[in-house]
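Take 10 as the starting number for the sequence shown in the numbering used here and just add one per residue.
Ideal Cβ positions, reconstructed from N, Cα and C, are used throughout, including at glycine.
Please read the structure below before turning to the comments.
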Amino acid sequence: MGDTRPDEVLPARNLEAIKSVRYFVVENLRSARRFLKSVDRNICIDDLNMVELNEHTPAADVEAMLDPLAAGHDIGVISEAGCPAVADPGADLVAAAQRRGYEVVPLVGPSSIIMSLMASGFNGQSFAFVGYLPVEASRRAAAMKTMQQEIRSRRRTQIFIETPYRNNRLIDELTRTLPGDMLLCVASDITGPQQQIVTLPLSQWRARTYDYNKRPTIFLLYS
10 MGDTRPDEVL
20 PARNLEAIKS
30 VRYFVVENLR
40 SARRFLKSVD
50 RNICIDDLNM
60 VELNEHTPAA
70 DVEAMLDPLA
80 AGHDIGVISE
90 AGCPAVADPG
100 ADLVAAAQRR
110 GYEVVPLVGP
120 SSIIMSLMAS
130 GFNGQSFAFV
140 GYLPVEASRR
150 AAAMKTMQQE
160 IRSRRRTQIF
170 IETPYRNNRL
180 IDELTRTLPG
190 DMLLCVASDI
200 TGPQQQIVTL
210 PLSQWRARTY
220 DYNKRPTIFL
230 LYS
């Protein structure tokens, strides 16, 4: 998601809920603190209890993060960017809460995966989010060919992401690996001030000048 004021992308109910919660499980402490202050400058960060849950967190540590629930407190989950528990380590906490019978309340909010699909013009009835493509060259090319087969045989939109500093290289690789008539949507800085969502055949991307370096971006393929 883009760096946008919370009240421009989140419902009032979410913002009020944030102000009432004192326990948070977050993907990144620094960005979570910054986000909470942007919601309400009167929030005292030092009064909050925050613990990190990310790709480096040992699985054995997740269950203990639910302890405040046993004491009657609510817990809020904050993603680094995007929608909590969707392509996000927060899903592990939600799974643990479900196993223990706690109520889980999803709040309405933006998902860059869904918003990019909405704006792409691609099939929204059948789609797959495949996450990051492999880094190793031969496996990466094979993954692209697999997506091509999924699109051709099942008419299933393929959605994926890349480390932002490799965005430009990924587009170049797609144009060299897949047929020129295949459609690529590049959805960048969604909800942000420089939002740009463009769908073109790969043949046109090959001839196009672009720069998505270090910009949060979602990629979608279809035909």
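{"Asked": "Which of helix, strand or coil DSSP assigns to residue 197", "Found": "strand"}
{"Asked": "Inter-residue Cα distance where the pair is residue 201 and residue 15", "Found": "11 Å"}
{"Asked": "Spatially closest choice to residue 191 from 90, 231, 110, 41, by CA coordinates", "Found": "231"}
{"Asked": "Cβ-Cβ separation, residue 35 to residue 41 (assumed contact under 8 Å), whole Å", "Found": "4 Å"}
{"Asked": "Best match in 142, 193, 38 for proximity to residue 172 [C-alpha to C-alpha]", "Found": "142"}
{"Asked": "Residue 153, DSSP secondary structure in three states", "Found": "helix"}
{"Asked": "Contact check, residue 57 vs residue 39, beta carbons under 8 Å", "Found": "no"}
{"Asked": "Contacts around residue 210, its chain only, beta-carbon distance under 8 Å, and the 5 residues preceding and following it disregarded", "Found": "189, 190, 191, 192, 193"}
{"Asked": "DSSP state of residue 107 mapped onto helix, strand, coil", "Found": "helix"}
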